[in-house]
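Sequential numbering from 64 applies to the sequence shown in the working numbering. Working notes, structure below.
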Amino acid sequence: MKTFRVGILVPWVNTAMEEGIPNLVHPDIGLHWARLRPKTLPEDGHDTSYLRDMLLSIPKALSRFDGLSLHAMVIGCTSASFIRDHLRVRIPDKYKHLKFITAFDAILLQLQDANVKRTLLFAPYDKKTIDAEVELLQLHGIQVVKSVSLPYKDEIRYITPDQIYDTFMIEYTECDAVMFSCTALYTLEAIETIRTQV
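Okay, here's the thing in structure tokens:
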């Protein structure tokens, strides 16, 4: 029986988390998934206008967990953590007692736990979003020595582990840790290749 149950809210097109996360957590942790889907879908993967609308879909997505006894809630979209304008999402009363953790919170916790001061950032974001992430990291005492935008044609989920590895090999510079930002990336295979090849 699972002793700790987590609800995970993921963007509607993200399949990487459901494939990767179960391999990383303790077997006593139960994972329950729900999709965040904006009312208006973006034209392509480069259109970030959907982020606010997607976050506003949180209450509807939470209803998928009705009847479950959860201990924590994860918002599995890194770039959604960087929205700076005021956005008020109404969390239903029955979920207000839960700790809500964003993907960026989890990244930051890992970097701080490893005492990382200088990081190399790879992300499939536009300049504005990458700059917001760099600023947020610096606000928490982590210097981004270099930020690299991972190129792609249509959607982030089609960036292959080989593309991530190849970009890493070209762009690597000395740092305390390398950070791959975006939960839609298939990073586990790329990281394993980097560990064995570098």
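Note that the Cβ used here is the ideal one computed from N, Cα and C, for glycine as well.
Quick one: is residue i buried, meaning 16 or more other Cβ sit within 10 Å of its Cβ, or exposed?
i: G139; result: buried
i: G28; result: The shown model of the chain, from 64 to 261, leaves out residue 28, and the question about it has no answer.
i: P120; result: Before going further, note that residue 120 is Ser rather than Pro in the sequence given. Flag for S120 reads buried.
i: Y221; result: exposed
i: I219; result: buried
i: S132; result: exposed
i: E196; result: buried
i: T259; result: exposed
i: M117; result: buried
i: V207; result: buried
i: L200; result: buried
So, using beta-carbon positions, are residue i and residue j closer together than 9 Å?
i: P266; j: L125; result: Given that the chain is displayed from residue 64 to residue 261, the structure contains no residue 266 and the question cannot be resolved.
i: P214; j: E252; result: no
i: T246; j: T111; result: no
Among the options, which residue has its Cα nearest to the Cα of residue i?
i: T250; options: T259, T236, I227 and E237; result: I227
i: L161; options: P74, V261, T256 and R68; result: R68
i: T230; options: A186, R127, D91 and T66; result: A186
i: H203; options: L171, I193 and K216; result: L171
From which residue to which residue does the beta strand (DSSP E) around residue i run?
i: G139; result: First-last for G139: undefined, no H or E at that position.
i: P165; result: Contrary to the premise, residue 165 reads as Thr rather than Pro in this sequence. Unbroken beta strand (DSSP E) run through T165: K162 to T165.
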